[in-house]
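>
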Amino acid sequence: MLQSSPTWRIIVLLAICVAFISTVYTAPVPKPKPKAPAKISLAQLQKAMAGNCPQATTGDAITCKDALPYINAAIKKYKLKSKGQRAAYLANMFYEGGHLKYNHNLVTKSQGTRSIMPAVSLRVFVDANPSVQKLWPGYPGSVVNDSIVEVLIKSRLDFEPGAWWALSGPNCAQTAAKLSGSQASFEAWEKACINGGLDTIAARAIIYKTVYASI
Ligand SMILES: *[C@@H]1O[C@H](CO)[C@@H](O)[C@H](O)[C@H]1NC(C)=O
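Taking mature numbering (1 follows the signal peptide of the UniProt record, and there is no 0), I'd label the letters of the sequence shown as residues -26 to -1, 1 to 189.
1. So the alpha helix (DSSP H) Ala187 belongs to, where does it begin and stop?
2. Could you tell me whether the segment 56 to 67 touches the segment 153 to 169, using the rule of 3 or more Cβ pairs below 8 Å?
3. Using only the heavy atoms of ligand 1, determine whether one of them is closer than 7 Å to the beta carbon of Asn103.
4. Would you mind reading off the limits of the alpha helix (DSSP H) that contains Gln29?
5. What does DSSP give as the partner residue(s) for Gly86 in the beta ladder?
6. Quick one: does the C-beta of Val98 sit closer than 7 Å to a heavy atom of ligand 3?
7. Measure the C-alpha to C-alpha separation of Thr32 and Asn26 and round it to an integer number of angstroms.
8. What did DSSP end up calling Ala140 once you bin it into helix, strand or coil?
9. For Ser129, which residues in the same chain have their Cβ closer than 8 Å to its Cβ, ignoring the five residues on either side in sequence?
10. Kindly indicate the opening and closing residues of the alpha helix (DSSP H) around Ala61.
11. Determine, using beta carbons only, whether Leu74 and Pro135 come nearer to each other than 8 Å.
12. Taking 7 Å as the line, does the beta carbon of Asn119 fall inside it for any heavy atom of ligand 1?
13. So the candidates are Ile49, Thr37, Pro43; which of them puts its Cα closest to the Cα of Ala12?
14. Which residue comes first and which comes last in the alpha helix (DSSP H) that contains Asp173?
15. Given a cut-off of 8 Å, decide if Ala137 and Tyr52 are closer than it, judged by their beta-carbon atoms.
16. Report the option in Thr37, Ala10, Pro4, Pro8 whose CA atom is closest to the CA atom of Gln20.
17. Figure out for me which residue from Ala176, Ala22, Ser15 has the closest Cα to the Cα of Val185.
18. Between the C-alpha atoms of Ala187 and Ser116, what's the straight-line distance to the nearest angstrom?
19. Compute the distance between the beta-carbons of Leu54 and Leu16, then report whether it is under 8 Å.
20. Pick out whichever of Lys39, Ile45, Ser56 has its Cα sitting closest to the Cα of Lys9.
21. Got a sec? Which residues, its chain only, sit under 7 Å from Phe160 by beta carbon, not counting five neighbours each side?
22. What residues are listed by DSSP as bridge partners for Ala22?
23. Give the C-beta separation of Thr87 and Leu96 to the nearest angstrom, bearing in mind that I take them to be a contact with Cβ-Cβ under 8 Å.
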């Protein structure tokens, strides 16, 4: 019989080996997980803040060290994947909130969180984010625009609205996708996403330049 021939046995054995090896080599390679945004280090944040880190966490002010975990969590949660997006979020927040000194607009108390957003904008943020809506049992009927700022601050979500808005706010996605080291890219984002088509603010663009070079 064929099976008893030694040559035939070797051929069968080789075939099994080849089959085994090709199984090993064609085994599906696990897909790499989507890359999380790069984390900002304390040294980078301090450099980006250009000597403006508050000395203590007291009142509205927060030190760079205390702010860092919230900043990185917000960047991750709202998927600010490019350096330009992270820099735009930080630059706008530093400009609006006096470099981590303020959580409230000094005149209009309903306006605030770290990027000092008006109550109606905070409401847009809440309406777009189911994870945040859980803070209001009976949402949406129970939400009062003017008190959103206090709810978010008390829940330690004050770094979140600005991070969400930078990429996902109304009219932001297109210019956020093009944020780069160029000042023009920041000004285009600022106009479309932050100022509702109004002029740019030179001081904010200068902060962007510093932040982009630091992170
Ligand atoms: C609350 O904010 C939303 C979103 O900006 C707005 O449509 C609505 O009119 C505001 N409500 C009040 C009572 O101001």
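Cβ atoms here follow ideal geometry from the backbone N, Cα and C, with glycine treated the same way.
Inspection of the coordinates gives the following:
1. 176 to 188
2. By the Cβ criterion, the segment 56 to 67 is in contact with the segment 153 to 169, since at least three pairs of Cβ atoms, one from each stretch, lie closer than 8 Å.
3. Asn103: no, Cβ never under 7 Å from ligand 1.
4. Neither: Gln29 is in no alpha helix (DSSP H) and is coded neither H nor E.
5. His78, Met91
6. For ligand 3, the structure offers nothing, since it holds only ligand 1.
7. 15 Å
8. helix
9. Leu109
10. 57 to 70
11. no
12. yes
13. Ranking Ile49, Thr37, Pro43 by Cα distance to Ala12 puts Ile49 first.
14. Asp173 -> no alpha helix (DSSP H), and no H or E assigned at all.
15. Against a cut-off of 8 Å, the Cβ pair of Ala137 and Tyr52 comes out as a contact.
16. Thr37
17. Ala22
18. Put simply, the backbone Cα of Ala187 is about 43 Å away from that of Ser116.
19. no
20. Ser56
21. Ala62, Leu153, Ala179, Tyr182
22. Looking at the DSSP assignment, Ala22 forms no beta bridge with any residue, so it has no partner.
23. 7 Å
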